[in-house]
Amino acid sequence: MIRKFSNKIILAILLISVVTGLSIGYISLNKYKTSVTQESYSRLRYLVESYGKDFDSHIKFVEQYTALLHAITTSTFKIGETVSDQQIDNYENRIIPLLNEIAVQLHPVSYWIIFNPDYVKRGHTISFWDKNNNGHYEREKEYNVNHRDLKSKDMQWWVDALKNGSTWTNPYYWDNWDANLITYAQTYYDKGRAIAVLGSDINFNNLKKDIEKITLYKTGYFWIFNDQFDFIYHPKYINNNIINIESGKFRFIKDSIVQVGKQTGIIEYELGKQEKVMAYYKLHNGWILCVGIPKEEIFEELNKSAFYIGLITIGGILFSIIVGLLISKSITKPIDQLVKTIRIAAEGNLKVKTNITTNDELKELGNYLNYFLEKLEINIQELKDNEQKLIEAKNKAEESEKLKASFLANMSHEIRTPMNAIVGFTWLLQEETLSKQEISYYTTLVSSSCNNLLSLIDDILDISKMENGPVKLNYSLDKISSLLDEIVFIYNIEFEKYKHKETPLHFYSLIDPEINLLTFYFDKLRLKQIITNLINNAIKYTNSGTITFRCKKYNENYLLFYVRDTGIGIKKEDQELIFDRFRKVENKNREVIGGVGLGLAIVRELVALFKGKVWVESEIGKGSTFYFTIPIITNPEDIGPMEQ
Ligand code: ADP
């Protein structure tokens, strides 16, 4: 079974080409055959007609000559009961020069008058013949004709001429002249008496030679019947009647000619296994001139042509097959391409494109397919993106769930620790036996725990404010040095206790002198909150070494602050995350290092409010540097819209 579309088209084109080619070949061959048959039949008919007419004129000529003889005789010969010798002599003397003159012009083989012995005393003949066939007539010696002679087989024409008025003989051999003759004889009547028979002979050999000379195709030949269908001339059946040859199997020719009754016609018949065709023409004396030929000779030419027609047909079929294949290729190639493209697309590669170059509907189809694939790809990409977003949202939700849980745990830890200290030491303070020193120490611890709690509550309040809407900065024109001096002062005192640790921690501040002169618009409290947050973190996550606070100009319009420590450092992948809310990086010292993960989130929000930028550089184990910038706003109109 043929499944492929292209194969189906090719097969259809092959079938159409072969069927069309064969039909055209068959039809044209048949047409050609019919026209060749008609043409050759009419040629055959034309041939027999033209020879027949020739022949006829020959016969007519003899008859005319005899009629002339007859007329001369009638006008010159007066006879009584019997013809006297005197009369004949006179007749001879008058007629001979006349006849000779005419004979020279008309040229028969011979001409003669034979008188009826019933009316002529002496058996008398007058005859002339062209002995040497050169137009010189010689008078034959007169000979007697008696009744016995006239009844001989050789002179049947005498009997027939008396009976019918005139007659044509079949060819016969005439001993005296050693020639094959045919004779035309006519009776001369006077007052109802047959006085003489006049006539003329024709050398049949001459006629025969003429007929034999005619060649028709390869083996075609002529023959002649008389009115009784005796063969007057035939290459094989001469002097036979058609009924008597080959057990009468050619009788149908006679029947057909008689039945049709026309002067000319065509008869098709079979001889042995050979198909033959003959044409005939009736001469005016009742003879029939025929010509016959095997059909295959006529069609030999046709067969040759059929061969060429066949060759041309096969050529045509081959040509149309080639053209058909080319056309089918041009149809099936783009279809194959479409199928291939769709298959590749179905396997998942939507980037595949068709490139059909035919300028037709298939190209349009290809373009639509490309367009469809592009759209599909975009839609699938959108679906994927959405899916990715959903996954991310889900991850985020899970993450925030986790963060919330850890936040609560941290929170309770962060609240409980100072609360326990407060409760514990407040209880201890009730002891009456406490020394002044102890009381002061416990009071300091209670107050520091209170501060921790307060700062935690501040952070929570801040972040919840930020959550509920943008927090507004409270700008006022101030000297930056007043804030920086305060911070440095506080931390110098704070660090006193770290200096004397077993693993000491030192605090350095580097404020560029030009900064001290700067006066601009900023929110002092919030800037302090940012800086202390960063320094507190640095203290929290640094065991020993140094913590450096620095402030300098970033560019014309911005100040840069940074807090650098020699602490535990932050992994690269966590450096962005730590700015998220509740985000705390897992580390070994969790127990020791407190916090709920809000500090840096607040820092980021605040720096953003300042229209500044915050970032971190850090290496695990070596330390971290937190940078941030804020704009130097000297014109109150610039508050708000300024971008870095
Ligand atoms: P926390 O209350 O946990 O300190 P923060 O938002 O201030 O919350 O900080 C978030 C996380 O960033 C911290 O848990 C810590 O892991 C990391 N971190 C912040 N500052 C530093 C620093 N100076 N050195 C190392 N890690 C730091």
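Take the sequence shown: its position 606, counting from 1, is numbered 633 in the numbering used here, and each next residue is one higher.
Cβ coordinates follow ideal geometry from the N, Cα and C atoms, glycine included.
Which stretch, first to last residue, makes up the beta strand (DSSP E) that contains asparagine 207? By 1-based counting over the sequence shown, the position of residue 207 is 180. Counting along the chain, the beta strand (DSSP E) containing asparagine 207 begins and ends at 206-217.
Look at the alpha carbon of isoleucine 265 and the alpha carbon of serine 179, and state the distance between them as a whole number of angstroms. As a first step, residue 265 is located in the sequence shown; it is residue number 238 there, counting from the start. As a first step, residue 179 is located in the sequence shown; it is residue number 152 there, counting from the start. Going from the Cα of isoleucine 265 to the Cα of serine 179 covers about 22 Å.
Consult DSSP for tryptophan 184 and reduce its assignment to one of helix, strand or coil. Here residue 184 refers to the residue found at position 157 when the sequence shown is read from its first residue. In this structure, tryptophan 184 counts as helix in the three-state DSSP scheme.
With a floor of 3 residues, list each beta strand (DSSP E) that falls wholly inside the region 224-261, ordered by position along the chain. 248-252, 258-260
For the candidate residues Glu273, His311, Trp204, whose alpha-carbon lies nearest to that of arginine 298? For the purposes of this step, residue 298 is identified with residue 271 of the sequence shown, where counting begins at 1. Looking at the sequence shown, residue 298 is not arginine but leucine. The candidate whose alpha carbon is nearest that of leucine 298 is Glu273.
Glycine 648 and isoleucine 595: beta carbons closer than 8 Å? The count along the sequence shown starts at 1 and reaches residue 648 at position 621. The count along the sequence shown starts at 1 and reaches residue 595 at position 568. It is a contact, given that the beta carbons lie within the stated cut-off.
List the endpoints of the continuous alpha helix (DSSP H) containing proline 445. Taking the sequence shown and counting its residues from 1, the one referred to as residue 445 is at position 418. Counting along the chain, the alpha helix (DSSP H) containing proline 445 begins and ends at 388-456.
Where tyrosine 226 falls, given that 16 or more other Cβ within 10 Å makes a residue buried: The residue labelled residue 226 in the question sits at position 199 within the sequence shown. Note on residue identity: the sequence assigns glycine, not tyrosine, to residue 226. Counting Cβ neighbours within 10 Å, glycine 226 comes out buried, since at least 16 surround it.
Would you be able to state if there are at least three C-beta pairs under 8 Å between the region 557-564 and the region 580-590? yes
At a cut-off of 7 Å, is tyrosine 568 close to the ligand ADP when judged by its beta-carbon and the heavy atoms of the ligand? Within the sequence shown, numbered from 1, the residue matching residue 568 stands at position 541. For the ligand ADP, at least one heavy atom lies less than 7 Å from the Cβ of tyrosine 568.
The alpha helix (DSSP H) that contains threonine 559, what's its start and end? By 1-based counting over the sequence shown, the position of residue 559 is 532. It spans 551-567 - the alpha helix (DSSP H) in which threonine 559 sits, taken as one unbroken run.
As assigned by DSSP and simplified to three states, the class of arginine 610: Numbered from its first residue, the sequence shown carries residue 610 at position 583. Of the three classes helix, strand and coil, the one that applies to arginine 610 here is coil, per DSSP.
Rounded straight-line distance, which links the Cα of glutamine 415 to that of leucine 396: Mapped onto the sequence shown, residue 396 falls at position 369. Mapped onto the sequence shown, residue 415 falls at position 388. Roughly 28 Å between the two C-alpha positions.
Is it buried or exposed for isoleucine 418, if we count other Cβ within 10 angstroms and need 16 for buried? As a first step, residue 418 must be located in the sequence shown, where it is residue number 391. Per the 10 Å Cβ criterion, exposed.
Closer than 8 Å by C-beta to lysine 303: which residues in its own chain qualify, once you throw out the five before and the five after it? Chain order, please. Against the sequence shown, residue 303 aligns to sequence position 276. For lysine 303, where only same-chain residues beyond five positions count, the Cβ hits under 8 Å are Glu295, Tyr296, Glu297, Gly319, Ile320, Pro321, Lys322.
Looking at the strands, I want to know which residues DSSP matches up with methionine 305. Counting from 1 along the sequence shown, the entry for residue 305 is found at position 278. DSSP lists Ile294, Gly319 as partners of methionine 305.
Endpoints, beta strand (DSSP E) assigned at aspartate 592: One-based indexing of the sequence shown puts residue 592 at position 565. First-last of the beta strand (DSSP E) with aspartate 592: 585-592.
Between Asp539, Asn406, Phe609, Ile284, which lies nearest to alanine 432 when the distance is taken from Cα to Cα? Along the sequence shown, one-based indexing puts residue 432 at 405. Ranking Asp539, Asn406, Phe609, Ile284 by Cα distance to alanine 432 puts Phe609 first.
Quick one: residues in its chain with C-beta nearer than 6 Å to the C-beta of tyrosine 525, no 5 flanking neighbours on either side, listed in chain order? For this step, residue 525 is matched to residue 498 along the sequence shown. Cβ within range, chain order: Leu532.
Quick one: any contact between the region 61-80 and the region 303-315, if contact means 3 or more CB pairs under 8 Å? yes
At 4 residues or longer, and completely inside the region 477-557: list those alpha helix (DSSP H) runs for me, N to C. 507-521, 523-526, 540-543
Within 8 Å, strictly: CB atoms of aspartate 228 and leucine 243: Here the question's residue 228 lines up with position 201 in the sequence shown. Here the question's residue 243 lines up with position 216 in the sequence shown. Not in contact: aspartate 228 and leucine 243 (Cβ atoms no closer than 8 Å).
Taking 7 Å as the cut-off, is the CB of serine 651 close to at least one heavy atom of the ligand ADP? Counted from its first residue, the sequence shown places residue 651 at position 624. The answer is yes for serine 651.
If distances are taken between C-alpha atoms only, which option among Thr368, Asp116, Val498 comes closest to glutamine 394? Translated into the one-based positions of the sequence shown, residue 394 becomes position 367. Just to set this straight, residue 394 is asparagine in the shown sequence, not glutamine. Minimum Cα distance to asparagine 394 is reached at Thr368.
Cα-Cα separation between tyrosine 164 and threonine 103, rounded to whole angstroms: Here residue 164 refers to the residue found at position 137 when the sequence shown is read from its first residue. Here residue 103 refers to the residue found at position 76 when the sequence shown is read from its first residue. Each residue's alpha carbon lies about 21 Å from the other.
Which of the three DSSP states, helix, strand or coil, is assigned to glutamate 66? For this step, residue 66 is matched to residue 39 along the sequence shown. The answer is helix: DSSP assigns glutamate 66 an H, G or I state.
Nearest-angstrom Cβ-Cβ length linking histidine 85 and glutamine 213, presumed shorter than 8 Å: Position 58 of the sequence shown, counted from the first residue, corresponds to residue 85. Position 186 of the sequence shown, counted from the first residue, corresponds to residue 213. Not really, about 17 Å apart at Cβ, beyond 8 Å.
For phenylalanine 637, collect the residues of the same chain with a Cβ closer than 6 Å to its Cβ; drop the 5 residues on either side in sequence, then sort them by chain order. As a first step, residue 637 must be located in the sequence shown, where it is residue number 610. Cβ neighbours of phenylalanine 637 beyond the five flanking positions: Ile657.
Assuming contact is defined by CB atoms lying nearer than 8 Å, are alanine 628 and aspartate 601 in contact in what I supplied? In the sequence shown, residue 628 corresponds to position 601, counting from 1. In the sequence shown, residue 601 corresponds to position 574, counting from 1. No, the Cβ-Cβ distance between alanine 628 and aspartate 601 is not below 8 Å.
Going by beta carbon distance, what residues of the same chain come within less than 8 Å of asparagine 232, once the five residues before and after it are set aside? In the sequence shown, the residue the question calls residue 232 occupies position 205. Answer for asparagine 232: Ala206, Asn207, listed in chain order.
Residues near leucine 126 in its chain [Cβ-Cβ closer than 8 Å; skip 5 each side]: Against the sequence shown, residue 126 aligns to sequence position 99. Excluding residues within five positions, the ones whose Cβ falls inside 8 Å are Leu96, Ile99, Tyr138, Phe155.
Rounded C-alpha distance that separates isoleucine 40 from serine 62: On the sequence shown, residue 40 is found 13 positions in, with the first residue counted as 1. On the sequence shown, residue 62 is found 35 positions in, with the first residue counted as 1. Computed Cα separation, rounded: 32 Å.
How would you label asparagine 519, buried or exposed, when you count the other beta carbons within 10 angstroms and need 16 or more for buried? Start at 1 with the first residue of the sequence shown, and residue 519 comes out as number 492. Asparagine 519 is exposed by the Cβ-count criterion.
Below 8 Å, can you find three or more Cβ-Cβ pairs linking the region 439-449 to the region 478-492? yes
Does isoleucine 553 pass the burial test, meaning 16 or more other C-beta atoms within 10 Å, or should it be called exposed? To locate residue 553, count along the sequence shown from 1; it is residue 526. According to the sequence shown, residue 553 is arginine rather than isoleucine. Classification for arginine 553: buried.
Aspartate 665, enclosing alpha helix (DSSP H) - first and last residue: Here residue 665 is taken as the residue at index 638 of the sequence shown, counted from 1. No alpha helix (DSSP H) contains aspartate 665, which DSSP labels as neither H nor E.
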